[in-house]
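Notes to accompany the following structure.
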Amino acid sequence: MYFYLIPNFGKLTLEELKIANVYQWLETVNISNKRINNVLVPLRQAFQEAFYDELIDSKPMDRFRNRSTETREPQPFNHDEIERILAQLEGQEKNLIQFAFWSGLRTSELIALRWEDIDLPNNRFYVRTAIVRQREKTTKTTSGIRTVELQPEARKAIEAQAAFTKNEHRVFHDPTTEKPWKGDHIIRKRLWIPALNNGGVDYRNPYQTRHTFASMLLSDNKNPLWVAQQMGHKDWGMIRKIYGRWINGN
1 MYFYLIPNFG KLTLEELKIA NVYQWLETVN ISNKRINNVL VPLRQAFQEA FYDELIDSKP
61 MDRFRNRSTE TREPQPFNHD EIERILAQLE GQEKNLIQFA FWSGLRTSEL IALRWEDIDL
121 PNNRFYVRTA IVRQREKTTK TTSGIRTVEL QPEARKAIEA QAAFTKNEHR VFHDPTTEKP
181 WKGDHIIRKR LWIPALNNGG VDYRNPYQTR HTFASMLLSD NKNPLWVAQQ MGHKDWGMIR
241 KIYGRWINGN
(Lines of atoms letter the chains of each structure in order from A and count residues from 1; the text may use other names and numbers.)
(Lines give C-alpha, C1' and ligand atoms only; values in the text may rest on other atoms or scores of the structure.)
Protein backbone atom coordinates (compact mmCIF):
# COMPACT_ATOMS: atom_id res chain seq x y z
CA MET A 1 0.00 0.00 0.00
CA TYR A 2 2.71 2.48 0.98
CA PHE A 3 4.81 1.70 -2.09
CA TYR A 4 2.11 1.58 -4.77
CA LEU A 5 -1.25 2.97 -3.68
CA ILE A 6 -0.36 6.04 -1.63
CA PRO A 7 2.31 7.45 -4.03
CA ASN A 8 -0.01 7.06 -7.02
CA PHE A 9 -3.48 7.70 -5.61
CA GLY A 10 -2.93 9.28 -2.19
CA LYS A 11 -3.57 12.86 -3.34
CA LEU A 12 -6.88 12.06 -5.05
CA THR A 13 -10.24 12.37 -3.32
CA LEU A 14 -12.75 9.54 -3.53
CA GLU A 15 -14.67 11.52 -6.13
CA GLU A 16 -11.54 12.15 -8.20
CA LEU A 17 -10.27 8.57 -8.14
CA LYS A 18 -11.72 6.73 -11.12
CA ILE A 19 -11.25 3.22 -12.45
CA ALA A 20 -9.37 4.83 -15.37
CA ASN A 21 -6.68 5.94 -12.90
CA VAL A 22 -6.16 2.33 -11.89
CA TYR A 23 -5.82 1.17 -15.49
CA GLN A 24 -3.35 3.98 -16.21
CA TRP A 25 -1.29 2.91 -13.21
CA LEU A 26 -1.26 -0.70 -14.42
CA GLU A 27 0.48 0.45 -17.60
CA THR A 28 3.41 1.75 -15.56
CA VAL A 29 4.23 -1.21 -13.31
CA ASN A 30 5.90 -4.54 -13.87
CA ILE A 31 4.71 -6.78 -11.08
CA SER A 32 2.95 -10.12 -11.25
CA ASN A 33 -0.79 -10.30 -11.68
CA LYS A 34 -1.01 -11.97 -8.29
CA ARG A 35 0.83 -9.01 -6.76
CA ILE A 36 -1.47 -6.56 -8.57
CA ASN A 37 -4.52 -8.31 -7.14
CA ASN A 38 -3.06 -8.17 -3.63
CA VAL A 39 -2.01 -4.52 -3.90
CA LEU A 40 -5.52 -3.48 -4.91
CA VAL A 41 -7.24 -5.22 -1.98
CA PRO A 42 -7.00 -2.16 0.35
CA LEU A 43 -8.33 0.08 -2.43
CA ARG A 44 -11.32 -2.20 -2.91
CA GLN A 45 -11.95 -2.15 0.83
CA ALA A 46 -11.69 1.64 1.01
CA PHE A 47 -14.29 2.10 -1.72
CA GLN A 48 -16.54 -0.48 -0.09
CA GLU A 49 -16.43 1.26 3.30
CA ALA A 50 -17.01 4.65 1.69
CA PHE A 51 -20.03 3.25 -0.17
CA TYR A 52 -21.53 1.76 2.98
CA ASP A 53 -20.98 5.07 4.78
CA GLU A 54 -22.81 6.80 1.91
CA LEU A 55 -19.80 8.92 1.01
CA ILE A 56 -19.96 7.74 -2.61
CA ASP A 57 -22.81 6.45 -4.76
CA SER A 58 -21.04 3.47 -6.32
CA LYS A 59 -18.08 1.13 -5.89
CA PRO A 60 -15.82 1.71 -8.93
CA MET A 61 -13.56 -1.22 -8.10
CA ASP A 62 -16.47 -3.61 -8.61
CA ARG A 63 -15.89 -3.07 -12.33
CA PHE A 64 -12.26 -4.13 -12.03
CA ARG A 65 -11.77 -7.86 -12.48
CA ASN A 66 -8.84 -9.55 -10.81
CA ARG A 67 -5.96 -10.26 -13.14
CA SER A 68 -5.26 -13.76 -14.35
CA THR A 69 -2.33 -15.30 -12.49
CA GLU A 70 -1.01 -17.04 -15.60
CA THR A 71 2.50 -16.07 -16.73
CA ARG A 72 2.48 -12.96 -18.93
CA GLU A 73 4.09 -13.18 -22.36
CA PRO A 74 7.24 -11.04 -22.73
CA GLN A 75 7.04 -8.17 -25.21
CA PRO A 76 10.66 -7.53 -26.21
CA PHE A 77 11.72 -4.65 -28.42
CA ASN A 78 13.27 -5.32 -31.82
CA HIS A 79 16.48 -3.67 -33.02
CA ASP A 80 14.63 -0.95 -34.93
CA GLU A 81 12.60 -0.02 -31.86
CA ILE A 82 15.73 0.07 -29.69
CA GLU A 83 17.40 2.46 -32.14
CA ARG A 84 14.33 4.70 -32.25
CA ILE A 85 14.16 4.87 -28.46
CA LEU A 86 17.86 5.64 -28.06
CA ALA A 87 17.64 8.30 -30.78
CA GLN A 88 15.35 10.30 -28.51
CA LEU A 89 17.90 10.33 -25.69
CA GLU A 90 21.33 11.81 -25.13
CA GLY A 91 24.09 11.91 -22.56
CA GLN A 92 23.54 10.12 -19.29
CA GLU A 93 19.94 9.24 -20.11
CA LYS A 94 20.97 7.47 -23.30
CA ASN A 95 23.78 5.64 -21.50
CA LEU A 96 21.35 4.39 -18.86
CA ILE A 97 18.79 3.00 -21.29
CA GLN A 98 21.38 1.59 -23.69
CA PHE A 99 22.99 -0.28 -20.81
CA ALA A 100 19.57 -1.51 -19.67
CA PHE A 101 18.87 -3.05 -23.08
CA TRP A 102 22.22 -4.82 -23.25
CA SER A 103 22.74 -5.90 -19.63
CA GLY A 104 19.48 -7.57 -18.64
CA LEU A 105 19.45 -5.81 -15.28
CA ARG A 106 16.33 -5.11 -13.31
CA THR A 107 15.88 -1.36 -12.84
CA SER A 108 16.57 -1.75 -9.11
CA GLU A 109 19.92 -3.36 -9.97
CA LEU A 110 20.67 -0.83 -12.70
CA ILE A 111 20.41 2.23 -10.47
CA ALA A 112 22.43 0.50 -7.73
CA LEU A 113 25.39 -0.28 -10.00
CA ARG A 114 28.70 1.07 -8.65
CA TRP A 115 31.95 1.75 -10.43
CA GLU A 116 33.61 -0.84 -8.23
CA ASP A 117 31.28 -3.38 -9.87
CA ILE A 118 32.67 -2.61 -13.34
CA ASP A 119 35.62 -4.69 -14.56
CA LEU A 120 36.49 -3.36 -18.01
CA PRO A 121 39.86 -5.18 -18.34
CA ASN A 122 38.03 -8.49 -18.04
CA ASN A 123 34.96 -7.26 -19.95
CA ARG A 124 32.48 -7.98 -17.19
CA PHE A 125 30.56 -6.44 -14.33
CA TYR A 126 29.17 -7.70 -11.04
CA VAL A 127 25.61 -7.51 -9.78
CA ARG A 128 25.65 -7.42 -6.00
CA THR A 129 23.06 -4.89 -4.85
CA ALA A 130 19.69 -3.37 -5.69
CA ILE A 131 17.91 -0.21 -4.60
CA VAL A 132 14.37 -0.86 -3.45
CA ARG A 133 12.24 1.92 -1.95
CA GLN A 134 15.34 4.14 -1.95
CA ARG A 135 17.28 1.66 0.19
CA GLU A 136 20.22 -0.44 -0.88
CA LYS A 137 19.92 -4.17 -0.33
CA THR A 138 21.44 -7.33 -1.70
CA THR A 139 19.83 -8.76 -4.81
CA LYS A 140 16.65 -10.86 -4.59
CA THR A 141 18.33 -14.28 -4.44
CA THR A 142 21.76 -15.85 -4.02
CA SER A 143 21.81 -16.54 -7.76
CA GLY A 144 21.01 -12.86 -8.28
CA ILE A 145 24.53 -12.03 -7.11
CA ARG A 146 26.30 -12.71 -10.37
CA THR A 147 29.01 -11.92 -12.88
CA VAL A 148 27.73 -10.67 -16.22
CA GLU A 149 29.64 -10.45 -19.47
CA LEU A 150 29.75 -6.96 -20.96
CA GLN A 151 28.05 -7.03 -24.34
CA PRO A 152 29.61 -4.58 -26.86
CA GLU A 153 26.75 -2.05 -26.68
CA ALA A 154 26.72 -2.21 -22.88
CA ARG A 155 30.45 -1.57 -22.81
CA LYS A 156 30.03 1.46 -25.08
CA ALA A 157 27.41 2.86 -22.70
CA ILE A 158 29.69 2.37 -19.68
CA GLU A 159 32.66 3.97 -21.42
CA ALA A 160 30.52 6.95 -22.39
CA GLN A 161 29.12 7.23 -18.86
CA ALA A 162 32.62 7.39 -17.37
CA ALA A 163 32.90 10.96 -18.67
CA PHE A 164 30.06 11.95 -16.34
CA THR A 165 30.42 9.95 -13.12
CA LYS A 166 33.72 8.05 -13.07
CA ASN A 167 34.76 9.82 -9.86
CA GLU A 168 31.44 9.10 -8.16
CA HIS A 169 30.21 6.02 -6.31
CA ARG A 170 27.21 5.13 -8.48
CA VAL A 171 27.52 4.66 -12.21
CA PHE A 172 24.22 6.18 -13.31
CA HIS A 173 23.07 9.62 -12.18
CA ASP A 174 19.98 11.70 -12.83
CA PRO A 175 21.36 14.55 -14.98
CA THR A 176 18.75 16.92 -13.55
CA THR A 177 19.93 16.54 -9.96
CA GLU A 178 23.47 15.26 -10.66
CA LYS A 179 22.79 12.62 -8.01
CA PRO A 180 22.13 8.86 -8.27
CA TRP A 181 18.66 7.83 -9.39
CA LYS A 182 16.33 7.22 -6.45
CA GLY A 183 13.87 4.90 -8.14
CA ASP A 184 12.37 3.62 -11.36
CA HIS A 185 9.26 5.83 -11.24
CA ILE A 186 11.28 8.95 -12.11
CA ILE A 187 13.03 7.16 -14.97
CA ARG A 188 9.72 5.89 -16.32
CA LYS A 189 7.81 9.16 -16.17
CA ARG A 190 10.46 11.67 -17.20
CA LEU A 191 12.62 9.63 -19.54
CA TRP A 192 11.11 6.34 -20.67
CA ILE A 193 7.56 7.33 -21.61
CA PRO A 194 8.60 10.44 -23.61
CA ALA A 195 11.29 8.47 -25.48
CA LEU A 196 8.79 5.83 -26.61
CA ASN A 197 6.16 8.42 -27.51
CA ASN A 198 8.58 10.59 -29.49
CA GLY A 199 10.12 7.57 -31.18
CA GLY A 200 6.75 6.20 -32.27
CA VAL A 201 7.25 2.96 -30.33
CA ASP A 202 4.31 1.11 -28.79
CA TYR A 203 4.42 1.44 -25.02
CA ARG A 204 5.86 -1.36 -22.92
CA ASN A 205 7.18 -0.91 -19.41
CA PRO A 206 10.92 -0.58 -18.70
CA TYR A 207 11.14 -4.18 -17.48
CA GLN A 208 10.83 -5.23 -21.11
CA THR A 209 14.46 -4.17 -21.58
CA ARG A 210 15.33 -7.23 -19.51
CA HIS A 211 13.10 -9.43 -21.66
CA THR A 212 14.71 -7.87 -24.74
CA PHE A 213 18.19 -8.79 -23.51
CA ALA A 214 17.20 -12.42 -22.93
CA SER A 215 15.37 -12.79 -26.24
CA MET A 216 18.31 -11.31 -28.19
CA LEU A 217 20.80 -13.71 -26.62
CA LEU A 218 18.58 -16.74 -27.14
CA SER A 219 17.79 -15.74 -30.72
CA ASP A 220 21.56 -15.60 -31.24
CA ASN A 221 21.71 -19.27 -30.14
CA LYS A 222 23.41 -18.59 -26.83
CA ASN A 223 23.32 -21.48 -24.35
CA PRO A 224 20.11 -21.16 -22.28
CA LEU A 225 21.95 -22.15 -19.09
CA TRP A 226 24.50 -19.38 -19.68
CA VAL A 227 21.67 -16.91 -20.36
CA ALA A 228 20.02 -17.96 -17.09
CA GLN A 229 23.26 -17.24 -15.23
CA GLN A 230 23.57 -13.84 -16.90
CA MET A 231 20.00 -13.02 -15.86
CA GLY A 232 20.42 -14.15 -12.27
CA HIS A 233 18.22 -17.27 -12.39
CA LYS A 234 19.31 -20.31 -10.37
CA ASP A 235 18.70 -22.65 -13.33
CA TRP A 236 17.37 -22.45 -16.86
CA GLY A 237 13.85 -23.58 -15.92
CA MET A 238 12.62 -19.99 -15.77
CA ILE A 239 14.30 -19.25 -19.10
CA ARG A 240 12.56 -22.23 -20.70
CA LYS A 241 9.21 -21.21 -19.21
CA ILE A 242 9.30 -17.51 -20.13
CA TYR A 243 11.47 -17.41 -23.25
CA GLY A 244 10.91 -20.84 -24.77
CA ARG A 245 9.90 -19.54 -28.19
CA TRP A 246 13.22 -17.69 -28.59
CA ILE A 247 15.39 -20.72 -27.83
CA ASN A 248 17.30 -22.08 -30.85
CA GLY A 249 17.02 -18.78 -32.65
CA ASN A 250 13.25 -18.70 -33.04
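Position 179, counted from 1, in the sequence shown is what the UniProt record's numbering calls 179; the numbers after and before it change by one each time, with no gaps.
Glycine included, every Cβ here is placed at the ideal spot set by N, Cα and C.
query = Any idea what DSSP makes of I145, helix, strand or coil?
reply = Three-state DSSP puts I145 in coil, outside helix and strand.
Local Cβ density within 10 Å of L129, reported as buried at 16 or more and exposed below that = It is Thr, not Leu, that sits at residue 129 in the sequence shown. Its Cβ being crowded by 16 or more others within 10 Å, T129 is buried.
query = Should the region 185-203 be called in touch with the region 83-100, which here means at least 3 C-beta pairs below 8 Å?
reply = yes
inquiry  = Using C-beta distances below 7 Å, list every residue in its chain close to P60, excluding the 5 sequence neighbours before and after it, in chain order.
reply    = Once the five neighbours on either side are set aside, the close Cβ partners of P60 are K18, I19 and F47.
query = Over what stretch of residues does the alpha helix (DSSP H) that includes R65 continue unbroken?
reply = Taken as a continuous stretch (DSSP letters only), R65 belongs to no alpha helix (DSSP H), as it is neither H nor E.
ask   = Three-state secondary structure (DSSP) at Y126?
value = Residue state, collapsed to three classes: strand.
Host beta strand (DSSP E) of R135 (start-end) = Looking at the DSSP string, the run of the beta strand (DSSP E) that includes R135 is R135 to T138.
Rounded separation between A160 and L14 - CA only = 47 Å
key: Own chain partners of L55 with C-beta closer than 7 Å, once the 5 adjacent residues on each side are dropped   = L14
ask   = In the DSSP assignment, what are the bridge partners of I131?
value = E136
message = Per the DSSP calculation, R119 is bridged to which residue(s)?
response = Note that residue 119 is Asp in the sequence shown, not Arg. Paired residues: R124.
key: Extent of the continuous alpha helix (DSSP H) to which N197 belongs   = For N197, the enclosing alpha helix (DSSP H) begins and ends at I193 to G199.
request  = Output the boundary residues of the alpha helix (DSSP H) element that contains F99.
outcome  = Taken as a continuous stretch (DSSP letters only), the alpha helix (DSSP H) holding F99 covers G91 to F101.
ask   = Roughly how many angstroms lie between the CA atoms of R65 and Q75, to the nearest whole one?
value = 23 Å
query = Hey, V132 and G144 are a contact pair by Cβ (cut 8 Å); roughly how many whole angstroms apart?
reply = In this structure V132 is not in contact with G144, their Cβ atoms being roughly 12 Å apart against a cut-off of 8 Å.
inquiry  = Under DSSP, the alpha helix (DSSP H) around N38 begins and ends at which residues?
reply    = N33 to V39
ask   = Sorted by chain position, which residues of the same chain lie with C-beta nearer than 8 Å to P206's C-beta, five sequence neighbours on each side aside?
value = N30, A100, T107, D184, I187, R188 and W192
task = Take N95 as the anchor and find which of S215, V201 and E153 has the nearest alpha-carbon.
result = E153
Closest residue to residue 274 among R63, L150 and D119 (Cα-Cα distance) = In the structure displayed, the chain extends from 1 to 250; residue 274 sits before or after that span and is not available.
Neighbourhood of P224 by C-beta distance below 7 Å, restricted to the same chain and skipping five residues each side = For P224, the CB contacts under 7 Å within the same chain, skipping 5 residues up- and downstream, are L218, W236, I239, R240 and I247 in chain order.
inquiry  = If I follow the unbroken alpha helix (DSSP H) through N78, where does it start and stop?
reply    = N78 -> no alpha helix (DSSP H), and no H or E assigned at all.
message = Judging by CA-CA distance, which residue of Y203, P180, V227 and P175 is the nearest neighbour of Q24?
response = Y203
query = In terms of alpha-carbon separation, which member of H233, N221, Q229 and T212 lies closest to D80?
reply = T212
request  = Would you identify the three-state DSSP class for H173, choosing helix, strand or coil?
outcome  = In the structure shown, H173 adopts extended strand secondary structure according to DSSP, grouped into three states.
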